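To start, the structure itself, in structure tokens.
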Amino acid sequence: MKSTVTTIMPYYKKRRFVSSSFKSFANQKFKAKDLIIVYDDNDKRDLIYLKKITKNHKNVRILINEKNLGAGESRNRALKVAKSDYIAFLDSDDLWHSGKLKEQINFMQKKNINISHTSYKIIDRKGKITGYRKAAAKLDYGNLIKSCDIGLSTVIVKRSFLKSSKFSNLKTKEDYVLWLKLSKKDNFYGLDKSYTEWRNLDNSLSSSTFQKISDAFKVYYFYEKFSMIKSTLMVLRLSFFYLIKTINKNYDN
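Residues 1 to 253 in this note's numbering are what the sequence shown spells out, letter by letter.
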């Protein structure tokens with residue numbers, strides 16, 4: 001029996017990029033796939049556009065939030081209805097190479113892996129490559145608590161491994177909370193092949209330094225239950241590693 005995979009894509013004001021992101025899903029060589037788009041915008045004008053670009057694809061389902069929930073809660077809503085063997089994540093401004101799902105799932109099946117991530121390229125709003133992140137061969141909780149080196153749109157996880165685990169409702173770092181929780185149960189295994197292009201937008205929530213620092217503190221203090229002093233020190237360490245990664249763009253990889 002062939003394995004199946006569901007891709008989850010939250011949508012909020014990314015009309016300029018979502019068509020390309022959707023095409024990168026539709027062009028996947030892995031056949032037993034479906035896509036759940038969670039429309040998270042109170043303004044419904046882009047919904048018409050989403051329905052237009054996906055109308056010829058029976059394996060696409062659009063869930064509409066009654067109010068704006070954020071990316072984490074939107075993904076959680078999709079997780080509740082997904083029935084596939086594997087779950088993949090693709091943000092609505094990121095891109096996949098056509099062999100991504102097939103090759104990464106083959107990698108996971110051969111090694112009996114519960115959760116994996118890959119290397120990825122960083123692109124700007126025009127699609128120009130501005131950096132590269134290399135996937136570590138193995139990441140455990142001890143590695144991740146110091147620095148989150150996982151690109152969300154590169155992750156594939158067995159649905160049975162997720163069980164009731166969810167994304168947090170933080171505005172940023174919502175995936176970091178989940179990765180830490182899962183890393184307490186098993187390691188993340190990395191495939192050093194760049195199947196994903198992550199788009200770095202200057203006006204996005206993830207680009208807000210204050211928001212990232214605030215949410216990072218919440219990760220350590222509220223979710224990991226560290227003391228206020230330890231949480232502060234962990235945020236400083238996380239920021240230091242992020243600065244090093246930003247300086248060391250690794251263009252040549």
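Just so you know, even glycine gets a beta-carbon here, dropped at the ideal spot from N, CA and C.
Predicted, not measured: the structure shown is a model, and the values here were computed from it.
Subject >> Cβ pair Trp96, Thr4 closer than 7 Å >> reply: By the CB criterion at 7 Å, Trp96 and Thr4 fall outside the cutoff.
**OP:** Would you mind reading off the limits of the alpha helix (DSSP H) that contains Phe30?
**Re:** First-last for Phe30: undefined, no H or E at that position.
**OP:** Take every Cβ of the region 46 to 59, pair it with every Cβ of the region 126 to 140, and state whether three or more of those distances are shorter than 8 Å.
**Re:** No: fewer than three Cβ pairs fall under 8 Å.
Original post:
Does the distance from the C-beta atom of Pro10 to that of Arg77 stay below 7 Å?
Top reply: Against a cut-off of 7 Å, the Cβ pair of Arg77 and Pro10 comes out as no contact.
Original post:
In terms of alpha-carbon separation, which member of Ser239, Ala32 and Lys13 lies closest to Leu201?
Top reply: The candidate whose alpha carbon is nearest that of Leu201 is Lys13.
Subject >> Within 7 Å, strictly: CB atoms of Ser92 and Ser21 >> reply: Ser21 is positioned such that its CB atom lies closer than 7 Å to that of Ser92.
Original post:
For Arg125, which three-state DSSP category applies?
Top reply: Residue state, collapsed to three classes: coil.
**OP:** Quick one: measure Cβ to Cβ for Lys128 and Ser194, integer angstroms, because I've assumed they're closer than 8 Å.
**Re:** About 15 Å; that fails the 8 Å criterion.
Original post:
For Ser153, which residues from the same chain have a beta carbon less than 8 Å from its beta carbon, with the 5 sequence-adjacent residues on both sides left out?
Top reply: Excluding sequence positions up to five before and after Ser153, its CB lies within less than 8 Å of the CB of Phe89, Leu90, Asp91, Asp94, Trp96, Tyr120, Thr196 and Trp198, all in the same chain and listed in chain order.
Original post:
Mind checking Lys173: buried by the 16 CB within 10 Å criterion, or exposed?
Top reply: Buried: at least 16 other Cβ atoms inside 10 Å.
Subject >> Close Cβ partners of Leu191 (< 7 Å) along its chain, the five nearest in sequence each way excluded >> reply: Taken in chain order, the residues that qualify are Gln104, Phe107, Ser116, Thr118 and Ala135.
Subject >> Where the beta strand (DSSP E) through Leu79 begins and ends >> reply: That residue, Leu79, is in no beta strand (DSSP E); its alpha helix (DSSP H) goes Ala71 to Val81.
**OP:** List the DSSP bridge partners of His97.
**Re:** Beta-bridge annotation (DSSP): His97 is not paired with any residue.
Original post:
Under three-state DSSP, which class holds Asp192?
Top reply: Residue state, collapsed to three classes: strand.
**OP:** Could you check what DSSP says for Ser116 in three-state terms: helix, strand or coil?
**Re:** Ser116 falls in the strand class under three-state DSSP.
Original post:
Just curious, the beta strand (DSSP E) that Thr7 is in, first and last residue?
Top reply: Unbroken beta strand (DSSP E) run through Thr7: Val5 to Tyr11.
**OP:** Would you mind sorting Asp140 into buried or exposed? The rule is 16 or more other CB atoms within 10 Å of its CB.
**Re:** Residue burial is scored here from C-beta neighbours: Asp140 has fewer than 16 other C-beta atoms within 10 angstroms and is therefore classed as exposed.
**OP:** Following the continuous beta strand (DSSP E) through Lys158, name the residue where it begins and the one where it ends.
**Re:** Ile156 to Lys158 is the span of the beta strand (DSSP E), which, as asked, contains Lys158.
**OP:** Go ahead and label Gln28 buried or exposed: buried means 16 or more other beta carbons lie within 10 angstroms of its beta carbon, across all protein chains shown.
**Re:** Answer is buried; the Cβ neighbour count reaches 16.
**OP:** Could you give the DSSP three-state label for Lys171: helix, strand or coil?
**Re:** For Lys171, the secondary structure class from DSSP, reduced to helix, strand or coil, is coil.
Original post:
Going by the beta-carbon positions, is the gap between Phe217 and Ser231 smaller than 7 Å?
Top reply: Yes, these two residues count as a Cβ contact at 7 Å.
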